[in-house]
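Have a look at the structure below before the remarks.
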Amino acid sequence: MYRLDRECFLLAVAAINTVLAAQSPFAAPSDERNDGIHLAVSPKCGQLGGNTSDVNGGIDIGKIKTIVSFGDSYTDGGKHDGSPLLPPVLIPPGIEAGGRSTDGPVWIEYIADDINATFMDYAVASAVVNISLWPDNPRPVDFLQQMSVFLGQNNKLDSDSTLYTLFFGINDWEDTKVDGNHLPQAAQDLLNQIAILASEPTNGRSFLITDVYGRGMHDALGEAWKQAVYDGISAFHKGENVTAPLNVAYGDFSRIWDGVLGSDPGYEAFGYTSTDACVFGNTTANACDDPKHHFYWIDGHPSNETHRIMADYVYEVFDKCKVY
């Protein structure tokens, strides 16, 4: 039933896009890879057990057949139960491509598609690690709930070919402005969930953690959050607090945000014409004229092209930042 519905959906979208392509900047084709948007920064590789850095401790992306993802709107593909996602197609005046907070695939979806891996997405927009730490947060969604859904399905996944990804911190950091600093406990809660995934019956062995808590801003609380998570996965890699040593990788997307929003090298070096959002409100009616070269799609949320270079950045971490 799903395959038939999906094929019908794609045929309808194709017909719509044929009409829109000539008149809409959202459907206009491009001969350039990723519409000319490209990385202009590189990972800063380091060692596990040291200061927070980009690192790959044992993950061979070429051997991954399934990706299970947890996170917030940056990873939310529109489904929250691991089921197949709707096609990442934007149909104006809607602003969400198949339920995503962007105009195309999300970063980890790109990676899954690139390597032809099954993608199981549990991420939910606005999620924090543990909502009980943030009593004034109006949206009661968190990593613990995502874990409950995943574990309740009793999935039988191969430990050696499954990658688990976790991308949290943005909403937790924002909540410190109202509820005070509970990031140390949030970091511990995140690490506790990794330990659960690494235990029976899941027996996860490969974990990718990504972060961009301040989206171009930095403070001591956020940096301590990153370091606490990094210290925890470093210990897991050594086999501490888990039943067996884990393969872990850490990707710090702040390199992209700092590079685009700051002056070194600046947004133009990436191919962008604007660091602003293209769309404001819940319609594309008054959107920008050049969506393919805006850093953000909606306020604070990466464009389709930005998600692509986020995926490219992770590939560089996997390739250039290997430690053993």
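Each residue of the sequence shown is one higher than the last, beginning at 327 in the working numbering. Heads up, the beta-carbon is just placed ideally off N, CA and C, and yes, glycines get one too. The structure displayed is predicted, hence computed values, not measured ones.
So, with DSSP's three-state summary, where would you put residue i?
i, result
"Met636", "helix"
"Phe533", "strand"
"Ala347", "Because Ala347 carries a pLDDT of 39, less than 50, the predicted location of this residue cannot be relied on, and the following value inherits that uncertainty. In the structure shown, Ala347 sits in coil (DSSP, three-state: anything other than H, G, I, E or B)."
"Asn573", "strand"
"Gly403", "coil"
"Asp578", "strand"
"His627", "strand"
"Lys482", "coil"
"Val455", "coil"
"Lys564", "coil"
"Tyr650", "coil"
"Trp460", "coil"
"Lys594", "According to the sequence provided, residue 594 is Glu. The question's Lys does not apply to it. Note: Glu594 maps to helix in three-state DSSP."
"Leu547", "helix"
"Asp357", "coil"
Kindly indicate which residue of the options has the alpha-carbon position closest to the one of residue i.
i, options, result
"Ser368", "Gly424, Ala637 and Gly420", "Ala637"
"Lys648", "Phe596, Pro628 and Tyr576", "Tyr576"
"Ala524", "Val586, Thr502 and Pro571", "Pro571"
"Met654", "Phe579, Tyr448 and Gln511", "Within the shown structure, residues of the chain are numbered from 327 to 650, placing residue 654 beyond reach of any answer."
"Ser399", "Ala453, His563 and Gly408", "Ala453"
"Asp515", "Lys389, Val455, Met446 and Asp439", "Val455"
"Ile390", "Thr609, Gly404, Pro628 and Gly530", "Gly530"
"Asn377", "Arg634, Ile582, Asp557 and Ala595", "Asp557"
"Asp440", "Asn630, Arg581, Tyr641 and Gly565", "Tyr641"
Could you tell me how far apart the beta carbons of residue i and residue j are, in whole angstroms, since I believe they sit closer than 8 Å?
i, j, result
"Gly597", "His619", "7 Å"
"Val538", "Ile496", "7 Å"
"Phe494", "Tyr448", "About 12 Å; that fails the 8 Å criterion."
"Asp402", "Ser427", "6 Å"
"Leu374", "Ser560", "4 Å"
"Ile393", "Met473", "Their Cβ separation, rounded to whole angstroms, is 16 Å, which puts Ile393 and Met473 out of contact at 8 Å."
"Val271", "Gly430", "Residue 271 lies beyond the range of the chain shown here (327 to 650); nothing can be said about it."
"Val643", "Asp386", "Incorrect: roughly 13 Å between the Cβ atoms, too far for contact."
"Asp584", "Val475", "Between Val475 and Asp584 the Cβ distance is about 34 Å, and since that is not below 8 Å, they are no contact."
"Pro413", "Gly424", "5 Å"
Note the first and the last residue of the continuous alpha helix (DSSP H) segment covering residue i.
i, result
"Trp499", "Ile496 to Asp505"
"Val475", "Phe469 to Gly478"
"Ser600", "Run containing Ser600: none in the alpha helix (DSSP H); it sits in the beta strand (DSSP E), Ser600 to Val605."
"Trp623", "That residue, Trp623, is in no alpha helix (DSSP H); its beta strand (DSSP E) goes His620 to Ile624."
"Pro387", "In the sequence as presented, Pro is not what sits at residue 387; that position holds Ile. Run containing Ile387: none; DSSP gives neither H nor E here."
"Leu374", "No alpha helix (DSSP H) contains Leu374, which DSSP labels as neither H nor E."
"Ile520", "Leu509 to Leu523"
"Ile437", "Trp433 to Asp440"
In the DSSP assignment, the beta strand (DSSP E) including residue i goes from what residue to what residue?
i, result
"Phe396", "Thr392 to Gly397"
"Gly383", "Val381 to Gly383"
"Leu492", "Thr488 to Phe493"
"Asp447", "Thr444 to Asp447"
Report whether the distance from the Cβ of residue i to the nearest heavy atom of the ligand SAM is below 7 Å.
i, result
"Asn382", "Annotation note on the ligand SAM: not contained in the displayed structure, which lists no ligands."
Taking 8 Å as the CB-CB cut-off, is residue i touching chain C?
i, result
"Ala438", "Annotation note: the requested chain C is absent from the structure, which comprises a single protein chain."
Any 3 or more C-beta pairs closer than 8 Å across the segment 548-558 and the segment 591-606: Short answer: they don't touch.
Three-pair Cβ contact test at 8 Å for the segment 457-477 versus the segment 357-373: The segment 357-373 and the segment 457-477 do not touch, with fewer than three beta-carbon pairs separated by less than 8 Å.
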